[in-house]
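In this note's numbering, the protein residues as written are 193 to 657. Every residue gets a Cβ at the ideal spot worked out from N, C-alpha and C, and that includes glycine. Notes to accompany the following structure.
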Ligand code: SAH
């Protein structure tokens, strides 16, 4: 280990900052202010932020060249401008065994400043032992990505409940089990969401009742159209925490590979020939796993809120007292439009976007108002329409939509196997049959499709070279 990790308590402690420029000194001053230090800045030029802080009485400034004596009696010295004077101050500070950091000069420092993730009061410090500050920043952003934004709120709320719970639960083992169950269960989910309300009192009551809190939370998570880069940060985080991932057939392997390696994966998709799960069986499985205290992620293609039967699952879980949270995802329609290079709405072309299903239950005609769907000035995004394209095109033209209206089919949007076809309402069915579509496909009808720009392969190559 190249350094000893520690967090310094600097509240009210005298600290010297040498340098007053905007790039190096201001960020250090900001950090020191956040730590509550008693700051003295010595520099010949001072950035406006530092002058403002001095005027507000938050730090002291001396506008002059720094001298070695400035280091005397300090709890910490930071040299943000390592010119000859700054280096001399640092040398004096090190001789006096004062923790000293010279910005970008580790060889002149006896401590280095880590990259930090600040979710007050949670503070994470990252160091590569000086090997690569760029890598430290990268590690920090990886950590940022997996930590919930509400982490600080969670820490503060738990802190508020700590005394009460500790008074209620005398044994350390009991307390540890209690806090783990709070963090694994629906209460933490609520606090992270911003619903902390009466949590501290509530937690104390729960501790007194000796209730098992872990049981019962399911996250219904949107897996997006297939490319894992299109997962939300929250989806990624939940996937990495899940004990069991219950997923539809459409969810791509690339997305599933982001789950923990030891997590149980259960496919409840309706694959041809294989046992297909009924909705009732899926509902029962969700409740069963949640009650066992597992962290359950129910992963659905695209956005669970669109043609995802999310309503049934949410109602069932609520009826059985299981906490449930729905995490939205990128739906196939927006992914398909981006892939094909046109927007779903466009001033003058489409001010309405309608999502329709091409399929009713059991292959029947869906309950769609085709007359409304056929009106011009809108974009229609048709899900599950592939096997009924001739009928759909017929319904649209019977109700007055021109057969020449532009239409697109995007197969496996965002996946490596993606294919895009542009035609018209009249040619949709032919387009699908001639190209033997096999993956999931989204059909988009409307004048916006005309904005699609075919990207000739030659142009792509010239960009790459
Ligand atoms: N909840 C999903 C839709 C589920 S219905 C969402 O928001 O996207 C399943 C239909 O979605 C498929 O029949 C197909 O029409 C569409 N679909 C899902 N993933 C797709 C993809 N990657 N490319 C094109 N269409 C897709």
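Just checking my contact of residue i with residue j at CB under 8 angstroms: how many whole Å lie between their CB atoms?
i           : j           : result
residue 297 : residue 325 : 12 angstroms between Cβ atoms; not a contact.
residue 496 : residue 412 : 5 angstroms
residue 593 : residue 560 : With 8 angstroms as the limit, residue 593 and residue 560 do not qualify as a contact, their Cβ atoms being about 13 angstroms apart.
residue 367 : residue 375 : Not a contact, Cβ separation roughly 13 angstroms.
residue 482 : residue 437 : That pair is no contact at about 13 angstroms.
residue 624 : residue 581 : 5 angstroms
residue 136 : residue 461 : Residue 136 lies beyond the range of the chain shown here (193 to 657); nothing can be said about it.
residue 212 : residue 230 : Wrong, their Cβ atoms sit about 17 angstroms apart, outside the cutoff.
residue 472 : residue 452 : Not quite, the Cβ-Cβ distance comes to about 28 angstroms (not below 8 angstroms), so this is no contact.
residue 488 : residue 410 : 4 angstroms
residue 278 : residue 331 : So it is not a contact: roughly 29 angstroms between Cβ atoms.
residue 243 : residue 221 : So it is not a contact: roughly 11 angstroms between Cβ atoms.
residue 267 : residue 206 : 6 angstroms
residue 621 : residue 585 : 6 angstroms
residue 600 : residue 612 : 7 angstroms
residue 335 : residue 195 : The pair is not a contact, with the Cβ atoms about 18 angstroms apart (cut-off 8 angstroms).
residue 565 : residue 544 : Rounded, the Cβ-Cβ distance is 10 angstroms, inconsistent with contact.
Just to confirm my understanding: we take residue i, look at its own chain, exclude 5 residues before and 5 after, and list those with CB closer than 8 angstroms. What are they?
i           : result
residue 385 : 342, 517
residue 338 : 425, 428, 429, 432
residue 352 : 391, 392
residue 610 : 531, 602, 603, 604
residue 542 : 536, 569, 570, 571, 638, 639, 640
residue 526 : 536
residue 649 : For residue 649, the predicted structure reports a pLDDT of 46, less than 50, and the residue's modelled location is therefore unreliable. A value from the coordinates is still provided. Cβ within range, chain order: n/a, list empty.
residue 327 : 320
At what residues does the beta strand (DSSP E) containing residue i begin and finish?
i           : result
residue 642 : Here residue 642 belongs to no beta strand (DSSP E), and DSSP marks it neither H nor E.
residue 615 : 611-616
residue 459 : 456-459
residue 598 : 598-603
residue 573 : 570-575
residue 231 : 230-235
residue 376 : Per DSSP, residue 376 belongs to no beta strand (DSSP E); it is in the alpha helix (DSSP H), 364-376.
residue 492 : 488-492
residue 208 : 206-210
In the DSSP assignment, find the alpha helix (DSSP H) that holds residue i and state where it starts and stops.
i           : result
residue 344 : 343-360
residue 588 : 581-590
residue 508 : 502-511
residue 159 : Coverage of the chain is limited to positions 193 through 657, which leaves residue 159 absent and any answer about it impossible.
residue 242 : 240-247
residue 262 : Careful: residue 262 lies outside any alpha helix (DSSP H) and carries neither H nor E.
residue 424 : No alpha helix (DSSP H) contains residue 424, which DSSP labels as neither H nor E.
residue 217 : 217-226
residue 626 : 620-626
residue 336 : 325-338
residue 286 : 276-287
Ordered along the chain, which non-local residues of its own chain (more than five positions away) have a Cβ less than 6 angstroms from that of residue i?
i           : result
residue 218 : 239, 241
residue 269 : 208, 263, 285, 290, 292
residue 419 : 606
residue 446 : 420
residue 563 : 591
residue 254 : 234
residue 256 : none
residue 645 : 533
residue 216 : 272, 295
residue 656 : Here the model assigns residue 656 a pLDDT of 48, short of 50, so the residue's position is not dependable and the matter cannot be decided.
residue 214 : 239
residue 202 : 227, 229
residue 595 : 589, 617, 618
Go through its chain and collect everything with a Cβ distance to residue i's Cβ below 7 angstroms, but skip five positions before and after it.
i           : result
residue 301 : 292, 293, 294
residue 280 : 260
residue 383 : 342, 345, 346, 349, 391
residue 444 : 418, 607
Open item on the list: Taking 8 angstroms as the cut-off, does the region 631-646 touch the region 598-605 (at least 3 CB pairs, one atom from each stretch)?
Closed with: yes
TODO: Report yes or no: do three or more beta-carbon pairs, one from the region 300-320 and one from the region 344-362, lie closer than 8 angstroms?
DONE: yes
- [ ] Report yes or no: do the region 390-400 and the region 524-538 share at least 3 C-beta pairs separated by less than 8 angstroms?
- [x] no
Open item on the list: Could you check whether the region 544-553 touches the region 567-581, counting it as contact only if at least three pairs of C-beta atoms, one from each stretch, sit closer than 8 angstroms?
Closed with: yes
Task: Three or more C-beta pairs below 8 angstroms linking the region 317-324 and the region 274-286 - done: no
Open item on the list: Using 8 angstroms as the cut-off, can you tell me whether the region 492-510 makes contact with the region 352-369, which would need three or more C-beta pairs spanning the two stretches below that distance?
Closed with: no
TODO: For the region 504-512 and the region 473-480, state whether three or more C-beta atom pairs, one from each stretch, are separated by less than 8 angstroms.
DONE: yes
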